[in-house]
Every structure is written in C-alpha cells, then in structure tokens.
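Numbering (the working numbering), first residue to last: 93 to 431.
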C-alpha cells in the first residue's frame, strides 16, 4: 500500500526516534505515516490553522503582544534591539505555531532541533533560546497557554566558563599603552563599578553621596548603591570635571555615546591584542568588590546576577588570589598615574 504524501509535513529525528509534525512548528501527528489516524490529525491541524479564530492564538501573536507589553517597554534600548533580533528568528521559525501546541511536551523536540540547527553559531543559538525562554515565561504568566514552559530546561551550547573571564594586569597594561586617557578612564571606571556601558556613560558627579554612587540602572530600572573603593577614588580624583557626567570623549566636554564608546573600545582592544570584552569588566569589578569585603548576596544584587554565579566566581577568585591581587594593584597604580 502506497503511503500518502502530505504537503508541509515536518520530520524530526531525535534519540533514534522519528516524529512527524503537521508543519514545522505545528502539532505532532499520531499513528503511522499514512494511517487514517495520521491523515485525520493532519487535516484537523490544517483546518485549525486556517480558522479565523486562531489568528490571535499563535506564537507570532504572542510576540506582537510581548513587544507591546510594559515589561518589554521598560527594558533598555540596547536590550530591546537585541530582543527584536532574536524575536524575529523565533517568528520565522515558529510564528504559525498555535499556542495550544506549546502545551504539548513534544514541542521541546522542535525547540531542540531549532537550537541544534544553529550549532555552528553557539552564542547565537544561546541568545535565541534565552529569548524564547523569556517570551514563553511572559506568555505563561499572562495565561496565554496553560501548562509548562517547555523551553525552560534547554541547555546552553556555548560552554565558556564566564567566571574566569576577567581582565588581567597584562590586559590593562596592553590596553592602556595605546588607549587615550579618556578611554582608559572609562575602562578602569567600569572595572571598579561594574556598570554596563549604557549606565557608565550616564554616571554623573552628583550620583556620589557618602562614599558611594547611587544609581538607577537602565536595564532593570533598579536603584543600586556602588561603594567607592580607595582605588576608585584615586581614579576619580584624576579625571577632570568637564561637565555633569564623569566620562567625556577625547574631544572635550561631550559625553560618550553608546556607539562611540563601543567602537573606540573594540578598535583599541583589537589593536592592543586584548581578547576581553567590556562585559568582562563587570566580572573584574565583582572580584574587586568581593575583595573589598562585600558578600555574595550584595554583589549579586548589584550586578543583577544569581548568588550561585557570584559564588562560582568567588571560588575561582579565591583559587587565583595572586592574579586578582595583581589586577587590583595595577588598577590602583594606573588610576593615580598620568594616564
């Protein structure tokens, strides 16, 4: 008996088993391919897909609603741009998927297949899956579907140990050799405060009070208090007060823009052979704050990380005390120097 060939059927093989779906991102088809049960489920799925009442009950509709939500609106502009990029990937892959399919545990196989299809770009895959998790977590809270978030337990592909990604004394030395004083100040201040680029360029002199910076972060909208260590104070004493904000460009009184700082930082790192990121300065700051006496809970609150992540960093830091001490000494020395 010939097997009926149905259009749009999507076949996924996982762990030695083969699954058939009505379309990519659609519901799973029961029974043997071509059986009455299989064909009827296929027909029913496509009828439901075309029904007018289903138009607002798809992943695409969920994405539209999420983008219009207060939760999305309060995110920083850089974060929103990143989310839009990965939400577009999700829409292209799963936009037609009915939200009812999200309740099917087998949908996880679809999510894994999508992630695995980006395995040549593990960071992209991880960011895309992270965005999918956030989208579905939002949808679940809004009761857009009924059961579990089946993307929640999908593992990362990129396995770098981020607790190890801190700037070393050699990194700062190489960077400072060719960086302008203004760019060097920005990097060192980031290493003392742990602020993101978007917040660092807004940090003003009047944010200081009683030996600390009090600051409302742009990404999470939370007020944080950042202690000013002696080494950070030495740096601040060296930076000329050219205007309300602390950091200005080489051209004088103008504050850095996000794009300007990102571009100058990237070019200088490349020219200096420094293979660290600006985000790694946040981890460097965390090690310094732990060394200054803050506990893991305080650092986690400041950085917006979990205590487990900070504890992992703390263990790494303790095991490499000599390295971190060298970094702190380098920061203190260069902050008080001519650069």
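Even for Gly, the Cβ is constructed at its ideal location relative to N, Cα and C.
For residue 380, does the three-state DSSP call read helix, strand or coil?
When DSSP states are grouped into helix, strand and coil, residue 380 belongs to the helix group.
Beta carbon of residue 433 nearer than 8 angstroms to that of residue 128:
A query on residue 433 cannot be resolved here, the shown segment of the chain reaching from 93 to 431 and no further.
According to DSSP, is residue 153 helix, strand or coil?
The DSSP-derived three-state label of residue 153 is helix.
Helix, strand or coil: how does DSSP classify residue 284 here?
In the three-state DSSP reduction, residue 284 falls in the helix class (H, G or I).
Span of the alpha helix (DSSP H) holding residue 388?
In the DSSP assignment, residue 388 falls within the unbroken alpha helix (DSSP H) covering 388-395.
Please state the DSSP three-state secondary structure of residue 334.
Coil at residue 334, not helix or strand.
Where the beta strand (DSSP E) through residue 308 begins and ends
Annotation: the continuous beta strand (DSSP E) that includes residue 308 extends over 304-308.
The segment 257-277 / the segment 181-190 touching (three or more Cβ pairs under 8 angstroms):
No, the segment 257-277 is not in contact with the segment 181-190.
Burial state of residue 118 (16 or more Cβ within 10 Å)
Buried, by the Cβ-count rule.
Quick check on the burial criterion: 16 or more other C-beta atoms within 10 angstroms. Buried or exposed for residue 207?
Counting the other CB atoms within 10 Å of its CB gives residue 207 a total of 16 or more, which places it among the buried residues.
Enumerate in chain order the residues of its own chain whose CB-to-CB distance from residue 147 is below 8 angstroms, with the five nearest sequence positions on each side excluded.
Low local confidence applies: a pLDDT of 48 at residue 147 is under 50, so the model's placement there is unreliable, and no value is given.
For residue 124, does the three-state DSSP call read helix, strand or coil?
In the structure shown, residue 124 adopts coil according to DSSP, grouped into three states.
Kindly give me the distance between the Cβ atoms of residue 110 and residue 103, rounded to whole angstroms, as I take these residues to be in contact under 8 angstroms.
Rounded, the Cβ-Cβ distance is 6 angstroms, consistent with contact.
Measuring CB to CB, does residue 179 end up less than 8 angstroms from residue 155?
Contact flag set, yes.
Here's the rule I'm using: 16 or more other beta-carbon atoms within 10 Å means buried, otherwise exposed. How should residue 259 be labelled?
Buried is the call here.
Simplified DSSP state of residue 318, which is helix, strand or coil
Assigned with DSSP and collapsed to three states, residue 318 falls in strand.
According to DSSP, residues forming a beta bridge with residue 347
For residue 347, which the question treats as bridged, DSSP gives the partners 340.
Let me know if residue 297 comes out buried or exposed under the rule of 16 or more other beta-carbons within 10 Å of its beta-carbon.
Classification for residue 297: exposed.
Where does the unbroken beta strand (DSSP E) through residue 102 begin, and where does it stop?
Annotation for residue 102: the continuous beta strand (DSSP E) segment containing it runs 102-106.
Let me confirm a value: residue 371 is counted as buried when at least 16 other C-beta atoms fall within 10 Å, else exposed. Which label applies?
Residue 371 counts as exposed, since fewer than 16 other beta carbons sit within 10 angstroms of its beta carbon.
Please report how far the alpha carbon of residue 339 lies from the alpha carbon of residue 355, in whole angstroms.
Cα to Cα, residue 339 sits roughly 16 angstroms from residue 355.
Measure from the alpha carbon of residue 243 to the alpha carbon of each residue in 221, 108, 374, then state which is nearest.
Considering only alpha carbons, the answer is 221.
As assigned by DSSP and simplified to three states, the class of residue 398
Look at residue 398 here: in three-state DSSP terms it is coil, with no helix or strand label.
Between which two residues does the beta strand (DSSP E) containing residue 110 stretch?
Unbroken beta strand (DSSP E) run through residue 110: 109-113.
Buried or exposed for residue 349, please, with buried defined as at least 16 other CB atoms from any protein chain shown within 10 angstroms of its CB.
Answer is exposed; the Cβ neighbour count stays below 16.
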